[in-house]
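Colleague:
Residue numbers (the working numbering): 1206 to 1346.
#1: May I ask you to report which of helix, strand or coil DSSP gives residue 1222?
#2: Find out if the Cβ-Cβ distance for the pair residue 1327, residue 1285 is shorter than 8 angstroms.
#3: Of the residues 1265, 1276, 1239, which one's Cα is nearest the Cα of residue 1289?
#4: Residue range of the beta strand (DSSP E) that residue 1228 falls in?
#5: Leaving out five residues on either side along the sequence, give the residues of the same chain with a beta carbon under 6 angstroms from the beta carbon of residue 1258.
#6: Please return the same chain residues whose Cβ sits closer than 8 angstroms to the Cβ of residue 1252, not counting the five positions on each side in sequence.
#7: Leaving out the 5 sequence neighbours to the left and right, which residues in its chain are closer than 6 angstroms to residue 1280 when beta-carbon positions are compared?
Dropping the structure here:
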């Protein structure tokens, strides 16, 4: 969570060379993404997709994770939402999380991130994504 993977670009290349689409989980929780959210924008340009955690929107993982998630959502940098399967209590508040997310993105966009795109994964079909927008540098604490 706190350190960048030095061989990430090589790993992405190898996955893509084998016909796989890399999906990175919960970028909003990584310190290096919190410090530079455009890291995600750059990886999307290389064909990487991103999945955020529902619980990040209510601050479960901290204020920084929530603020960065909002930035990533507004910049079209999140392609899926999921729950952290390590803690089943988080399933109970998904509906509340969705209501909070609808204050940031449309119901239609939320449907894409929670149903449409995951369905494409299960069916092994192409996921159409919106181009990401560069994220303006802001100090996030």
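We treat Cβ as the ideally placed atom computed from N, Cα and C, and that holds for glycine.
Modeller: In short, the structure shows the following:
#1: helix
#2: Result no, Cβ atoms of residue 1327 and residue 1285 do not sit closer than 8 angstroms.
#3: 1265
#4: 1228-1230
#5: Around residue 1258: 1231, 1289.
#6: Result list for residue 1252: 1217, 1221, 1226, 1227, in chain order.
#7: 1337, 1338, 1340
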